[in-house]
Each structure stands twice: as structure tokens, then as C-alpha cells.
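Visitor: All residue numbers for the sequence shown refer to my numbering, where the first residue is -1 and numbers rise by one.
By construction, the Cβ of each residue, glycine as well, lies at the ideal position given by its N, Cα and C atoms.
The structure's right below; bear with me while I get my questions together.
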Amino acid sequence: MRYSVLSFDLDGTLVDTAAEIAEAVNRTLAEFGVPRQDEERITRHIGHGARHTLLRVLADLLLAEPDRAERLRPDAVLPRWEAHYGTLAGRQAKPYPGCAEMLRALRLGGVRLACLTNKEHRHAQQVLRRCGLASAFDFVLGGDSLPQRKPDPATLRHVLAALGGQPQRAAHVGDSRIDIETARAAGAQAWAVPWGYDGGAPLLEARPDQVFDSLPDIAEHVLGVNRAWIAAAATA
């Protein structure tokens, strides 16, 4: 078997965006008289898209303080969130160790690369550009690019169709149950990294096919499998 396409989640997989997401949420809430929230309270909601993160934080706040409901209407808060995160996206984001090197090695090895994220497409592109990673990807699919979003397998199937890939020769890499379920439902390998957010849930409970301790380990594995396949094909 030879891998032809690898798909990657963004937040918590390739790039640590927790600080800037939390800062955008807190700047937004400050405009509505809400004290700063702990970063952990915010980042546990990362995974379904940046807007969803804010809405989940609002839900937590309103559950604890229902009297804030009139002031914290989503139709009033969301435009301010968009303004703040549009300014911050990618500015505090930090690629995880070995990220650029892994992507470069995979591209040189002939593997096509996609970023499949629930983050809104414009914000995902901005994070990738500001982190110097945008040129590594053949395709980027955001959470608002289709009517569906992860874990709906239609998202990964769309990526594979765009890149001419087949699920049995593809893997999706992520930090959450959402990513594992997406890959498995689409028929691709479900790979995980252990350092992301995962909504506070234990990643191993989702039973990924493989867990990699570093991003360069992914490139080493994929390119090793591909080299072995080429060698076997040459002697067949």
C-alpha cells in the first residue's frame, strides 16, 4: 500500500492556537462587561469551529448567570467576535515542533496534502499564511466551506475527490474524537497526535489507528511505507 493523500486538522494538531482564540473571546466578552475567562475554560470547546467555541462559552456563562441573556445575545456578540478574531488569527499561533519540516518532507515525497478543519475557511487560511504553512497544502477545506463539517465523512470525501485520492490510500491526522470519527467514517486511516485539545475528552477512547508522538514521526512512517511499496513493486 502507498499513501497518496494526507489530511490534517489545524487547531491543536499542526498549530497551537489556544492563546489567540482565548484572547479573542476575552476581548469580545470585555465589550459586554464580562470578566476575563480562564484559557482552559475556553479551549475545552475548541474543535467545532471558532464561532462554535464562542457560542459554547456564552452557553456556559448564561447557564451560570441567566440574567446576562439580554446583553449576551449571539446576534450582538458574534460580529464583535469576528472583528477581534479576524485581527488576531495567526498572530499568536505557534506551529508544533517539526511541523514545517514534516510537511516539506511529505511534499518532496510526492504526498498530496490537505488541511481539513472546522475553523472558518478565511480564518484557517489566515492562520496558515501567518505561520508560513499555506504553501505546503494542495487543498484547504474550512468548516464553512460545505454544508457539512467534521465529523461528517462528506468533508474528507470532498478533500479526497479534490486531490484525486482514494480512502484506502489516505489518512487523516487530528487531535480529537471528531477527527478519528471523520477518518473512520470516510474509510481512511485515523491517526492522532496526543498534544491537542480534544474538548477535554481522552483521545485514546476514540481508538485511533495510530498515535504519533511527533509530527516528523508521521513523515517518517508514511515515506517508509511508500518506499517499501515502491521497492516491492520494482521486484514483483
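A168: which of R39, S174, A160 sits nearest, CA to CA?
Guide: A160
Visitor: Please report how far the alpha carbon of A91 lies from the alpha carbon of A204, in whole angstroms.
Guide: 27 Å
Visitor: What do you reckon, are the CB atoms on R49 and G88 nearer than 8 Å?
Guide: no
Visitor: In terms of alpha-carbon separation, which member of M(-1), R0, I19, L158 lies closest to E118?
Guide: I19
Visitor: Does the CB of I44 have a neighbour CB from chain C at under 8 Å?
Guide: Among the chains of the structure shown, chain C does not appear; only one protein chain is present.
Visitor: Beta-carbon within less than 8 Å of A28's beta-carbon, same chain only, minus the 5 sequence neighbours each way: which residues are those?
Guide: R34
Visitor: Identify whether H43 lies in helix, strand or coil by the three-state DSSP scheme.
Guide: Reduced to three states, the DSSP call for H43 is coil.
Visitor: Classify I178: buried if its beta carbon has 16 or more other beta carbons within 10 angstroms, exposed otherwise.
Guide: For I178, the number of other beta carbons within 10 angstroms of its own is at least 16, and it is reported as buried.
Visitor: Is V157 helix, strand or coil when you go by DSSP?
Guide: V157: helix per DSSP, three-state reduction.
Visitor: Quick one: any contact between the stretch 106 to 117 and the stretch 5 to 15, if contact means 3 or more CB pairs under 8 Å?
Guide: yes
Visitor: Go through its chain and collect everything with a Cβ distance to L60's Cβ below 7 Å, but skip five positions before and after it.
Guide: R66, A67, L70
Visitor: Within 10 angstroms of its Cβ, does L101 collect 16 or more other Cβ (buried), or is it exposed?
Guide: buried
Visitor: Provide the residue(s) that pair with C113 in DSSP beta bridges, ordered along the chain.
Guide: F6, V138
Visitor: For G172, report the span of its beta strand (DSSP E) as first-last.
Guide: Counting along the chain, G172 sits inside the beta strand (DSSP E) bounded by residues 168 to 172.
Visitor: I'd like to confirm the pairing. Which residues does DSSP put opposite K92 in its beta bridges?
Guide: D14
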